[in-house]
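Report on the structure given below.
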Amino acid sequence: MTWLTWRQLRFPLVSVYAALAVVTALLAGTRLVGGQDPGDGEFWYSAGLFAVNGLPALLAVFWGVPMITRELEAGTHNLVWNQSVTRTRWLAVKLGIGVPAAALTAGLLSLVVTWWADPVDTSAVPERVGNFGRLMTPVVFAARGIAPVGYAAFAFVLGIAVAILLRRTVTAMAVTLVVYAAVQLAVPLAVRPHLLPPVGETVAITEANIAGIRAEEGGRGAPEALTVLAPAGAWVLTNETVDANGAVVRPLPAVVGDCLPPAAEDPRDLDLDRIHACFARLSDHGYRQHLTYQPASRFWPLQWVELALFLVLSAPVTWFCFGRLRRLS
Amino acid sequence: MTVLRARGLGKKYRRRWALTGCDLDLPAGHVTGLVGPNGAGKSTLLGLAAGMVEPSSGTIEVCGDVPGSGPAQLAKVGFVAQHTPVYANLTVAEHLRLGAHLNPGWDDALARDRIARIGLDPALPAGKLSGGQRAQLALTLGIAKRPELLLLDEPVASLDPVARREFLRDLMESVAEHGLSVVMSSHLIGDLERVCDHLVVLVDARVRITGEVEHLLATHRRLTGPRRDVDTLPADQHVVSVSHTDRQTTVLVRTEAPVLDPSWDVGELDLEDLLLAYMSNPGTGRPPLEVVR
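Sequences listed follow chains Y and V, in order.
Residues in the first sequence are numbered consecutively from 19, following the numbering used here.
Residues in the second sequence are numbered consecutively from 23, following the numbering used here.
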């Protein structure tokens, strides 16, 4: 059975690993070194993000789904299930080869991309990062470290499960993509923030830590919201102004409007005293800024937890595959 | 010894029963022909026996165990599905390797011998074979597995007459040498007549009749006589089909006893007449005598 499965997966496996070798060579040749303008690497940086984020889905769709549907569509399941091998073993071998192969491929690509992007990701100066995201931003987080291993394993068993359920290659491919994309949207939005309890703190609003003020379009009234600077590299979950009772204030009190320099004013003529007084008034009224975030130091713990989460998620999907297999004919 | 035993066996696909109320005892060491119109449930019955399909009702036991219940059971039963599927991108030799890897009882000499005799190029991908050659490859896999029971779903449909005859001869050899039991469905009554000593006739998802070919032929008679209503026939004469002309009535009956009524002209049946009569008359009730003008 192992031989047969290997024989069937040989071509896709070899082509993907050849592509992986090419990607590695390209990235090795374009890695940024100290002092280089990071703008040069922007294309490769984005390409790396795109590749690591997309690979698990691609493997699920082009390795996983056809592994099942090609047999069902060609009727060869009638041949192989009538050798002296149970269909449970047939599936177990397919998963036993396919899942590690997919996980390894995603792991290797992630390793290469993480290595390539390391000078950018770890650069301490915010300007140095330019248009690049921070390690903890969801789209970057998912394209670094070990989490892609979990994504690939999960996506692969998902592809197999959908294939067993739907039996048609093209429909199963489409449904696998949609379901996987939904999971990859839901996890950073609803699950990852709570995988580890986020750090919460309430800080005074000062002219030193203010990061931005959002005002209504063209309005001269009170601004909508303001944000303060979070610790470097942290993944900020909430950044909101609270009053003395700890309740969220929105829109902001009118007094904040005074903190803003008039739009046309020359920066050299800034009335610093007025701005100082404004922030002091904010503090006097008990307005403070509440922050919750996952600090940058949580990157590796979160990667491990995310890997575990996706491996755990794969278990019921795998169980479903074996359960459903009996009813396939 | 029974090689296949079914009790109240049925299979429902969505809202349609593909097979229902099937009671069968097929003897070991025989070739059983499975006959019936398209959609009568032949493939479903074979699929149930191979463990490819789960029964919706009743039980089936093949070689003493539930079909598909484990590797040992799978080794005992060979199944070549309709349209004889093979892996298009695997070569002939790789198919034999597959068979050798996946079957403990694999007879490599037999497989190689058959492939050589058929004249298949071992290096050729199965996708490049003709329909008949593909069937030969699938059948070779089925035979070389050395099962106790070989289930064949219209195995010879795509073979030319020479290949068909050779295949059936090989099959008979295996039956004689290794005590192989075979259940095969076919529309080719001539082939069935040549190799089968047992028959199952399926019509409308039900077993219409089953038995030894010789016994079936000996217990069916064609009665021809003046036009009359068949309700007057003795109770031990079961009507299979009736046809009337202006003056004549022809009845096909199954009866264990000799026909004594002197008004009937009693004739023998051949297998084709018998099967056609059953397949074209699905009902079990006697059709009423129509008035013909």
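C-beta: ideal position from N, C-alpha, C; glycine also.
Nothing here was measured: the structure is a model prediction, and the numbers come from that model.
Query: Buried or exposed for Pro309 (chain V), going by 16 or more other Cβ atoms inside 10 Å?; Result: Reliability of the predicted coordinates at Pro309 (chain V) is poor, the pLDDT of 42 falling under 50, and the value obtained from them is presented with this limitation in mind. With fewer than 16 Cβ atoms within 10 Å of its Cβ, Pro309 (chain V) is classed as exposed.
Query: Is there a Cβ of chain V sitting closer than 8 Å to that of Val34 (chain Y), yes or no?; Result: no
Query: Please decide whether Met206 (chain V) counts as near chain Y, where near means a Cβ-Cβ distance under 8 Å.; Result: no
Query: Helix, strand or coil for Trp128 (chain V), going by three-state DSSP, please let me know.; Result: coil
Query: For a contact meaning CB atoms closer than 9 Å, what does Lys167 (chain V) contact in chain Y?; Result: Asn100, Gln101, Ser102
Query: 8 Å is my cut-off, CB to CB: does His105 (chain V) come that close to chain Y?; Result: yes
Query: Under 6 Å Cβ to Cβ from Asn227 (chain Y), same chain only, skipping five residues before and after it: list those, please.; Result: Val246, Leu247
Query: Could you say which of V:Val114, V:Thr162, V:Leu274 lies nearest to His266 (chain V) if we only look at CA atoms?; Result: V:Leu274
Query: Is DSSP giving Thr42 (chain Y) helix, strand or coil here?; Result: helix
Query: Give me the DSSP bridge partner(s) of Glu188 (chain V).; Result: Paired residues: none, contrary to the question.
Query: What residues of chain V sit near Asn71 (chain Y), judged by a beta carbon separation below 7 Å?; Result: Ordered by position in chain V, no residue passes the 7 Å Cβ test against Asn71 (chain Y), which lies about 31 Å from the chain.
Query: Would you identify the three-state DSSP class for Arg38 (chain V), choosing helix, strand or coil?; Result: strand
Query: By how many angstroms is the C-alpha of Val222 (chain V) removed from the C-alpha of Val103 (chain Y)?; Result: 29 Å
Query: Threshold first: 3 residues or longer. Then list the beta strand (DSSP E) segments lying entirely within the region 214-249 of chain Y, N to C.; Result: 217-222, 228-232, 243-246
Query: If you measure from the beta carbon of His123 (chain V) to each beta carbon in chain Y, is any gap under 8 Å?; Result: yes
Query: Verify whether the separation of the beta carbon atoms of Asp45 (chain V) and Val229 (chain V) is less than 8 Å.; Result: yes
Query: Which one of Y:Val260, Y:Arg345, Y:Tyr169, Y:Leu109 has the shortest CA to CA distance from Ala199 (chain Y)?; Result: Y:Tyr169
Query: Under 8 Å between C-beta atoms, does Leu96 (chain V) make it to chain Y?; Result: yes
Query: List, in order along the chain, the chain V residues whose C-beta lies closer than 8 Å to that of Met19 (chain Y)?; Result: His123, Leu124
Query: Compare the Cα-Cα distances from Gly242 (chain V) to each of V:Asp192, V:Asp268, V:Leu297, V:Asp283 and report the closest residue.; Result: For clarity, residue 242 (chain V) is His in the given sequence; the question names Gly instead. When only C-alpha atoms are compared, the closest one is V:Leu297.
Query: Would you check if there are 3 or more beta carbon pairs closer than 8 Å linking the region 166-182 of chain V to the region 198-212 of chain V?; Result: yes
Query: Sorted by chain position, which residues of the same chain lie with C-beta nearer than 6 Å to Ile115 (chain Y)'s C-beta, five sequence neighbours on each side aside?; Result: Thr23
Query: Closer than 8 Å by beta-carbon distance: list the chain Y residues that pair up with Leu112 (chain V), in chain order.; Result: Arg25
Query: So, Gly359 (chain Y) versus Thr140 (chain Y), is the Cβ gap smaller than 8 Å?; Result: Nothing can be reported for residue 359 (chain Y): it is not among the residues displayed for chain Y, which extend from 19 to 347.
Query: Please confirm whether Arg146 (chain Y) has its beta-carbon closer than 8 Å to some beta-carbon of chain V.; Result: Its pLDDT being 46, under 50, Arg146 (chain Y) is placed unreliably by the model, and the measurement read from it follows with that caveat. It does not: the Cβ of Arg146 (chain Y) has no partner Cβ on chain V nearer than 8 Å.
Query: Confirm, please, whether the CB-CB distance from Thr220 (chain Y) to His308 (chain Y) is below 8 Å.; Result: yes
Query: Where Gly55 (chain V) and Arg269 (chain V) are concerned, what is the direct C-alpha to C-alpha distance, given to the nearest angstrom?; Result: 37 Å
Query: So Gly92 (chain V) contacts chain Y; which residues on that side make the cut at Cβ distance below 8 Å?; Result: Thr104
Query: For chain V, find out if any of its Cβ atoms is closer than 8 Å to the Cβ of Asn257 (chain Y); answer yes or no.; Result: no
Query: Using C-beta distances below 8 Å, list every residue in its chain close to His294 (chain Y), excluding the 5 sequence neighbours before and after it, in chain order.; Result: Glu225
Query: Relative to the alpha-carbon of Gly73 (chain V), which residue among V:Gly58, V:His105, V:Gly247, V:Gly92 has its alpha-carbon at the smallest distance?; Result: V:Gly92
Query: Measuring alpha carbon to alpha carbon, tell me which of Y:Ala252, Y:Ala165, Y:Leu244, Y:Trp253 ends up nearest Val260 (chain Y).; Result: Y:Leu244
Query: Reducing DSSP to helix, strand and coil, say where Gln104 (chain V) ends up.; Result: coil
Query: Ordered along the chain, which non-local residues of its own chain (more than five positions away) have a Cβ less than 6 Å from that of Pro211 (chain Y)?; Result: Leu255
Query: Among residues of its own chain, excluding the 5 on either side of Pro137 (chain Y), which ones have a beta-carbon nearer than 6 Å to its beta-carbon?; Result: Leu50
Query: Residues in the same chain with beta-carbon distance under 6 Å from Pro74 (chain Y), minus the five sequence neighbours each way, listed in chain order, please.; Result: Ala124, Tyr169, Ala170, Ala173
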